[in-house]
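Colleague:
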Amino acid sequence: MFPPATISPILGRHAEVLRLDALLASVQGGASGTLLLIGEAGIGKTRLLDHAAHEAADLNVMRIAGVESEARLGFAALHRLLRPLLGGVDRLPAPQRDALGSAFGLLAAGPSDRYLVGLATLTLLADAATAQPVLCLVDDVQWLDRESAEALAFVGRRLRADAVGILLAGREAATAAPLFDGVPTARIAGLAHDEARALLAVGVPGRLDAGVAERIVADTGGNPLALIELAGELAAEQLAGKAPLPAPLPVGPLLEAHFLRQVRTLPAETQALLLLLSAASPDDPALLWRAAGHLGLSPEAADPALNADIVTHRRHVEFRHPLIRSAVHRGAAAEDRRRVHAALAAVSDPVRDQDRRAWHRAEATIGLDEAVAVELEAASERARARGGYAGQAAFLVRAAELSPQDRDCSARLVTSAGAYLTLGDPAAAQAVLDRAEPGLGDPVVRAKARQARATVEIYFVRVTAAPAILLDAAGSIAGIDAPLARRMLFEAMATVLIANHRAVGTTPEDVARTALASPAMDATGTTVPELLLNAYAVRLAVGYEAGAPLLHRALTAISSDGELSEAGLPLAVIAMFASDDIWDDEHGWGACRRIDAHDRATGALGALRTTLMVQATWEIRAGRFAAASACLDESTELAGAIGIRPDGPVHRVELLAWSGREAETRQTVETIRSVWTEHFEDTNFGDHVMNCLAVLENSLGRYSEALACALPSFEKDQPTSGARVLHEIVEAGVRSGDESAAKAALERLEERASASGTQWALGLLARCRALMAGDEHAEALYAEAVDRLGQTRIVTELARTHLLYGEWLRRRKRRIDARGRLRTAHDMFTAMGAATFAERARVELLATGERARKRVAHTEHDLTPQEMQVATLAAGGATNAEIAARLFITASTVEYHLNKVFRKLRITTRRKLTAALGGNA
Numbered sequence: 002m003f004p005p006a007t008i009s010p011i012l013g014r015h016a017e018v019l020r021l022d023a024l025l026a027s028v029q030g031g032a033s034g035t036l037l038l039i040g041e042a043g044i045g046k047t048r049l050l051d052h053a054a055h056e057a058a059d060l061n062v063m064r065i066a067g068v069e070s071e072a073r074l075g076f077a078a079l080h081r082l083l084r085p086l087l088g089g090v091d092r093l094p095a096p097q098r099d100a101l102g103s104a105f106g107l108l109a110a111g112p113s114d115r116y117l118v119g120l121a122t123l124t125l126l127a128d129a130a131t132a133q134p135v136l137c138l139v140d141d142v143q144w145l146d147r148e149s150a151e152a153l154a155f156v157g158r159r160l161r162a163d164a165v166g167i168l169l170a171g172r173e174a175a176t177a178a179p180l181f182d183g184v185p186t187a188r189i190a191g192l193a194h195d196e197a198r199a200l201l202a203v204g205v206p207g208r209l210d211a212g213v214a215e216r217i218v219a220d221t222g223g224n225p226l227a228l229i230e231l232a233g234e235l236a237a238e239q240l241a242g243k244a245p246l247p248a249p250l251p252v253g254p255l256l257e258a259h260f261l262r263q264v265r266t267l268p269a270e271t272q273a274l275l276l277l278l279s280a281a282s283p284d285d286p287a288l289l290w291r292a293a294g295h296l297g298l299s300p301e302a303a304d305p306a307l308n309a310d311i312v313t314h315r316r317h318v319e320f321r322h323p324l325i326r327s328a329v330h331r332g333a334a335a336e337d338r339r340r341v342h343a344a345l346a347a348v349s350d351p352v353r354d355q356d357r358r359a360w361h362r363a364e365a366t367i368g369l370d371e372a373v374a375v376e377l378e379a380a381s382e383r384a385r386a387r388g389g390y391a392g393q394a395a396f397l398v399r400a401a402e403l404s405p406q407d408r409d410c411s412a413r414l415v416t417s418a419g420a421y422l423t424l425g426d427p428a429a430a431q432a433v434l435d436r437a438e439p440g441l442g443d444p445v446v447r448a449k450a451r452q453a454r455a456t457v458e459i460y461f462v463r464v465t466a467a468p469a470i471l472l473d474a475a476g477s478i479a480g481i482d483a484p485l486a487r488r489m490l491f492e493a494m495a496t497v498l499i500a501n502h503r504a505v506g507t508t509p510e511d512v513a514r515t516a517l518a519s520p521a522m523d524a525t526g527t528t529v530p531e532l533l534l535n536a537y538a539v540r541l542a543v544g545y546e547a548g549a550p551l552l553h554r555a556l557t558a559i560s561s562d563g564e565l566s567e568a569g570l571p572l573a574v575i576a577m578f579a580s581d582d583i584w585d586d587e588h589g590w591g592a593c594r595r596i597d598a599h600d601r602a603t604g605a606l607g608a609l610r611t612t613l614m615v616q617a618t619w620e621i622r623a624g625r626f627a628a629a630s631a632c633l634d635e636s637t638e639l640a641g642a643i644g645i646r647p648d649g650p651v652h653r654v655e656l657l658a659w660s661g662r663e664a665e666t667r668q669t670v671e672t673i674r675s676v677w678t679e680h681f682e683d684t685n686f687g688d689h690v691m692n693c694l695a696v697l698e699n700s701l702g703r704y705s706e707a708l709a710c711a712l713p714s715f716e717k718d719q720p721t722s723g724a725r726v727l728h729e730i731v732e733a734g735v736r737s738g739d740e741s742a743a744k745a746a747l748e749r750l751e752e753r754a755s756a757s758g759t760q761w762a763l764g765l766l767a768r769c770r771a772l773m774a775g776d777e778h779a780e781a782l783y784a785e786a787v788d789r790l791g792q793t794r795i796v797t798e799l800a801r802t803h804l805l806y807g808e809w810l811r812r813r814k815r816r817i818d819a820r821g822r823l824r825t826a827h828d829m830f831t832a833m834g835a836a837t838f839a840e841r842a843r844v845e846l847l848a849t850g851e852r853a854r855k856r857v858a859h860t861e862h863d864l865t866p867q868e869m870q871v872a873t874l875a876a877g878g879a880t881n882a883e884i885a886a887r888l889f890i891t892a893s894t895v896e897y898h899l900n901k902v903f904r905k906l907r908i909t910t911r912r913k914l915t916a917a918l919g920g921n922a
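Going by the working numbering, the residue at position 437 of the sequence shown is 438; the numbering climbs one at a time, nothing skipped.
Written as structure tokens, this is what we have:
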């Protein structure tokens, strides 16, 4: 028998080696590459990493392996990996520097956003690669702490042209969750039959019966480690076919049992040292030997294990294969495991290694122990302060298990639920909340548990259940903890705005009335959540006229100096609801831009993904369809970068409708209906989709169909979508002959536009009045609408007003006057890419005797969405570093995209970008 590392070349891995060599060549050439090797224990993943390390002599190679005992310590693995580069942390952009420093406990900068830590890791690696290409080798990723795994997956998805390579290796469990979605993978299977036979022949020095060889190959599935280790364990008679073979077992347990049998032949002192080694941190050999001394074990106890090839001694003593560590730890008696954990706790530095010490103490404890639980709770708070929410949850759950009092146990479990929700693990949150239920005597803890359950409902796309849960929780503590109750009322209001009248057990109006009547309410509150809560409560319970000024005030705060981090929920969406309800484009657009800047500065990529969807709507309204598409592309790309599934066509329907892509719009709506049937009808989501379809129908002159799409939102009159359809209904009603529908929509628009007082609102009102006015008043109203809408950012509605004005003029035989308006409308729609509206204007122009060619928006550059983003920012004067920070990529990747942009546009300098982009940068 011999260790696999001595086999060279790697038998049966020609294709895998070629792929690794190609990745290394790419990195050496200045590009980047990431690969996750997936396979069962013993399949040869570590051997492939060995090959990569050997072939990467010219690269800066950094290598670690996940350790099961460290999986609860947030960012521990990442810290080990990046330790050689930490001298460059001070050169990172300040938000990244603070995030990484906080994650590693180097700074007290508050909890780190885990995506910002990922970006800091990306930047640190890319900066190091400017001096020498970098190769990161990470084995046993299934045992990495969650935060480190997320950061590495993020980096792997973002690398482009940075001279950085990342090779990861792990078992199937590593990819069971979507953590590594989007990371290139290679599944490592067992060796092919002939190669497995060849390897077996090399590993068996004596006679090998052909039938026995076939049985071993079949039972091991060609697993190289199993072939070598298990063949070496069989007796000569068994190998020769003269004695029966053992019954087949799954390879993993079979190998662990094999290694455990080897360990149990060693002296007791050596076995004790191996158990200690299995529980100790791999990067602190001094701790191992202090604990060994505490147990009375000498360094010479390692010799029998070294001689038996159980451990190796390179930089320090370590197991030859991770399976041996696992076998030793799992195979030990419980009392022996507690003894080594107690020794490790006893010799751990109580200041420098507080968290490891706390965990070892917990593992050494049997029964209940409040002192250890308190220590774990303190460790959980330190983990939270670093942004290590997986560690926070693990510490709290163990603290709960050790808590003598039910109330303390439940309180700790409820707090752990919050950590699980921050991680995006609602199933785990729900499980600990169920366990906490019996001890929920404290009203504040019980209310927090209800709040967490509401968030679980939202995660499971059951937002309709959340408002009533939050309302009940807020009511139970309104007189005890008013700030927390107000927070819950705000969340109840935000979720009921999304759920609308499908909310279970309450309505938007009920939430508003309850909020206004709550002793926790503070009408003078100035935080963003308080301003929004007060505004919506008055808007829904008192009326539009009373609520509009408060909504203006809230939007002003969001767009200027309000503290955005206090909101928590998708603030951009709530702000858009408000701006649409009162037609406040100035502060609505300002709020969106400020939230975008905040999300980017803080690395809140999950929130930014949603903010970009909202920004796309504002870009559509401004007639910048290409910019809207870029926002949606970036949102989708960010979803991939952070490992979540994008929403597919859901948020593209508005752009499709305005672009006049009729078949694609209708197919998208049908797809949305089929996938989201349960959540479509009677929700803000469904209203939005149908309102977009109403725009398409009006652009096509299908006015009865437009009316059918828009009327449901009008009848529900929700502050989230009701305002968006009023002008659609007036136009569709007038043109289809449904005067009553048009009149009802106009009456509501008159009441609300007057209360709003914005140019957007008053411009739409003037246009709708013109549609219903007699000849003596219509022209002045159309002119007023053009003037007012011309002062707004809503270019699409200005173009529509020119179109309607021109159509009115043509029908009154004023062809010359009509041509000017229709030509303006046609040019505006064509420039923005609104094909069906442009066609409607072209047909009207034709009726005046003027021929306008069918044209499409200028798209000849053939730039990818990210190339367009980089080019636009560079044309605006941003440096590579500034572009990199904004787009969450590296400066090298920016340079890579710019080089492609220059080639496609046939330019050589940034000064020519604006002209080459058609002046739209």
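Backbone N, C-alpha and C fix where the C-beta goes; we use that ideal spot for every residue, glycine too.
First and last residue of the beta strand (DSSP E) that includes Ala187?
Modeller: As a first step, residue 187 is located in the sequence shown; it is residue number 186 there, counting from the start. Looking at the DSSP string, the run of the beta strand (DSSP E) that includes Ala187 is Thr186 to Arg188.
Colleague: Below 8 Å, how does it come out for the stretch 863-870 and the stretch 835-851: are there three or more Cβ pairs, yes or no?
Modeller: Contact fails: fewer than three Cβ-Cβ distances are below 8 Å.
Colleague: Which residues does DSSP list as the beta-bridge partners of Leu708?
Modeller: For this step, residue 708 is matched to residue 707 along the sequence shown. Answer is none; Leu708 lacks a bridge partner.
Colleague: So the candidates are Val871, Arg84 and Lys901; which of them puts its Cα closest to the Cα of Gly106?
Modeller: The residue labelled residue 106 in the question sits at position 105 within the sequence shown. Of Val871, Arg84 and Lys901, the residue nearest in Cα terms is Arg84.
Colleague: Below 8 Å on the Cβ atoms is my guess for Gln263 versus Glu635; work out the distance and round it to an integer in Å.
Modeller: What you label residue 263 is simply residue 262 of the sequence shown in a count that begins at 1. What you label residue 635 is simply residue 634 of the sequence shown in a count that begins at 1. At roughly 54 Å, the Cβ-Cβ gap does not stay under 8 Å, so Gln263 and Glu635 are not in contact.
Colleague: Can you check which of these residues, Thr271, Ile890, Thr793 and Glu41, is closest to Asn308 by C-alpha distance?
Modeller: Taking the sequence shown and counting its residues from 1, the one referred to as residue 308 is at position 307. When only C-alpha atoms are compared, the closest one is Thr271.
Colleague: My output table needs one value for Leu570: the three-state DSSP class, helix, strand or coil.
Modeller: Walking along the sequence shown from the start, residue 570 turns up at place 569. Leu570 falls in the coil class under three-state DSSP.
Colleague: Three or more beta-carbon pairs under 8 Å between the stretch 581-600 and the stretch 617-633, yes or no?
Modeller: Verdict: yes, contact present.
Colleague: Can you say whether Thr266 is buried or exposed, counting buried as having 16 or more other CB atoms within 10 angstroms of its CB?
Modeller: On the sequence shown, position 265 is the one that residue 266 refers to. That one is exposed.
Colleague: Do Thr221 and Leu235 have their C-beta atoms closer together than 8 Å?
Modeller: Sequence index remark: in the sequence shown, residue 221 carries index 220 (1-based). Sequence index remark: in the sequence shown, residue 235 carries index 234 (1-based). No, these two residues do not count as a Cβ contact at 8 Å.
Colleague: Grab me the residues of Ile478's own chain with a C-beta within less than 7 Å of its C-beta, minus the 5 sequence neighbours each way, in chain order.
Modeller: As a working note, residue 478 is residue 477 in the sequence shown. So the list reads Pro444, Val445, Ala448, Leu485 and Ala486, once near-sequence residues are dropped.
Colleague: Name the two residues that bound the continuous alpha helix (DSSP H) containing Phe491.
Modeller: Here residue 491 is taken as the residue at index 490 of the sequence shown, counted from 1. That run of the alpha helix (DSSP H) goes Ala483 to Ala500.
Colleague: What number of angstroms, rounded off, separates the C-alpha of Asp114 from the C-alpha of Asp370?
Modeller: For the purposes of this step, residue 114 is taken as the residue at position 113 of the sequence shown. For the purposes of this step, residue 370 is taken as the residue at position 369 of the sequence shown. For Asp114 and Asp370, the distance between alpha carbons rounds to 33 Å.
Colleague: Within this structure, are the beta carbons of Arg211 and Gly31 separated by less than 8 Å?
Modeller: Here the question's residue 211 lines up with position 210 in the sequence shown. Here the question's residue 31 lines up with position 30 in the sequence shown. Note that residue 211 corresponds to Ala in the displayed sequence, not to Arg. Not a contact, by the Cβ cut-off of 8 Å.
Colleague: Which residue's Cα is closest to the Cα of Glu531: Asp59, Ala150, Leu747 and Ala493?
Modeller: As a working mapping, residue 531 is identified with position 530 in the sequence shown. Out of Asp59, Ala150, Leu747 and Ala493, Ala493 has the C-alpha closest to the C-alpha of Glu531.
Colleague: Below 8 Å, how does it come out for the stretch 512-527 and the stretch 740-757: are there three or more Cβ pairs, yes or no?
Modeller: Judged by Cβ distances under 8 Å, the stretch 512-527 makes no contact with the stretch 740-757, as fewer than three pairs qualify.
Colleague: Would Ala302 and Leu274 qualify as a contact pair, given that the criterion is a beta-carbon distance under 8 Å?
Modeller: For the purposes of this step, residue 302 is taken as the residue at position 301 of the sequence shown. For the purposes of this step, residue 274 is taken as the residue at position 273 of the sequence shown. Yes, these two residues count as a Cβ contact at 8 Å.
Colleague: Can you grab the Cα-Cα spacing for the pair Tyr704 / His599, in whole Å?
Modeller: Residue 704 sits at position 703 when you count from the first residue of the sequence shown. Residue 599 sits at position 598 when you count from the first residue of the sequence shown. Answer to the nearest angstrom: the Cα atoms are 42 Å apart.
Colleague: CA-CA distance, Leu556 and Arg540?
Modeller: On the sequence shown, residue 556 is found 555 positions in, with the first residue counted as 1. On the sequence shown, residue 540 is found 539 positions in, with the first residue counted as 1. Leu556 and Arg540: Cα-Cα distance of roughly 14 Å.
Colleague: Would DSSP call Val670 helix, strand or coil?
Modeller: The residue you call residue 670 lines up with position 669 of the sequence shown. In this structure, Val670 counts as helix in the three-state DSSP scheme.
Colleague: May I ask which residues mark the beginning and end of the alpha helix (DSSP H) holding Arg340?
Modeller: As a first step, residue 340 must be located in the sequence shown, where it is residue number 339. That run of the alpha helix (DSSP H) goes Ala335 to Val348.
Colleague: Taking a contact to mean a Cβ-Cβ separation below 8 Å, would you say Glu840 touches Glu808 in this structure?
Modeller: Here residue 840 refers to the residue found at position 839 of the sequence shown. Here residue 808 refers to the residue found at position 807 of the sequence shown. Their beta carbons are not under 8 Å apart, which means Glu840 does not touch Glu808 by this criterion.
Colleague: Using 8 Å as the cut-off, can you tell me whether the stretch 199-211 makes contact with the stretch 89-103, which would need three or more C-beta pairs spanning the two stretches below that distance?
Modeller: No contact exists between the stretch 199-211 and the stretch 89-103.
Colleague: Note the first and the last residue of the continuous beta strand (DSSP E) segment covering Met63.
Modeller: Your numbering for residue 63 matches position 62 in the sequence shown. Unbroken beta strand (DSSP E) run through Met63: Asn61 to Ala66.
Colleague: Please state whether DSSP places Lys913 in a helix, a strand or coil.
Modeller: In the sequence shown, residue 913 corresponds to position 912, counting from 1. It is helical.
Colleague: In terms of DSSP beta bridges, what is Asp140 paired with?
Modeller: If you number the sequence shown from 1, residue 140 lands on position 139. Beta-bridge pairing links Asp140 to Ala66.
Colleague: Where DSSP assigns a beta bridge to Phe155, which residues make up the other side?
Modeller: Walking along the sequence shown from the start, residue 155 turns up at place 154. DSSP output for Phe155 lists no bridge partner at all.
Colleague: Distance, Cα to Cα, Glu69 vs Trp144?
Modeller: Here residue 69 corresponds to residue number 68 of the sequence shown, with the count starting at 1. Here residue 144 corresponds to residue number 143 of the sequence shown, with the count starting at 1. Near 5 Å, if we compare the C-alpha coordinates of Trp144 and Glu69.
Colleague: DSSP state of Leu192, grouped into three classes?
Modeller: Numbered from 1 along the sequence shown, position 191 holds the residue referred to as residue 192. Coil at Leu192, not helix or strand.
Colleague: In terms of alpha-carbon separation, which member of Ala437, Ser560, Ala432 and Ala774 lies closest to Ala412?
Modeller: In the sequence shown, the residue the question calls residue 412 occupies position 411. Of the candidates Ala437, Ser560, Ala432 and Ala774, the one whose C-alpha sits nearest the C-alpha of Ala412 is Ala437.
Colleague: Excluding the 5 residues preceding and the 5 following Gly949 in the sequence, name in chain order all residues of the same chain whose CB lies nearer than 8 Å to its CB.
Modeller: Residue numbering for the chain in the displayed model covers 2 to 922; residue 949 lies beyond these limits and cannot be assessed.
Colleague: Given this structure, state the Cα-to-Cα distance separating Arg399 from Ala374, to the nearest angstrom.
Modeller: The residue labelled residue 399 in the question sits at position 398 within the sequence shown. The residue labelled residue 374 in the question sits at position 373 within the sequence shown. Straight-line Cα distance between these residues: approximately 8 Å.
Colleague: Assuming Phe181 and Leu37 are in contact, meaning their beta carbons sit under 8 Å apart, how far apart are those beta carbons, in whole angstroms?
Modeller: Along the sequence shown, read from residue 1 onward, the residue named residue 181 stands at position 180. Along the sequence shown, read from residue 1 onward, the residue named residue 37 stands at position 36. Yes, Phe181 and Leu37 are in contact; Cβ-Cβ is about 6 Å, under 8 Å.
Colleague: How is the alpha helix (DSSP H) around Gly419 delimited, first residue to last?
Modeller: By one-based count along the sequence shown, residue 419 stands at place 418. Asp407 to Leu424 is the span of the alpha helix (DSSP H), which, as asked, contains Gly419.
Colleague: Name the DSSP beta bridge partners of Ala129, please?
Modeller: Start at 1 with the first residue of the sequence shown, and residue 129 comes out as number 128. Bridge partners of Ala129: none, in fact.
Colleague: Exposed or buried, Val352, counting other C-beta atoms within 10 Å across all chains shown (16 or more means buried)?
Modeller: By one-based count along the sequence shown, residue 352 stands at place 351. Val352 comes out exposed.
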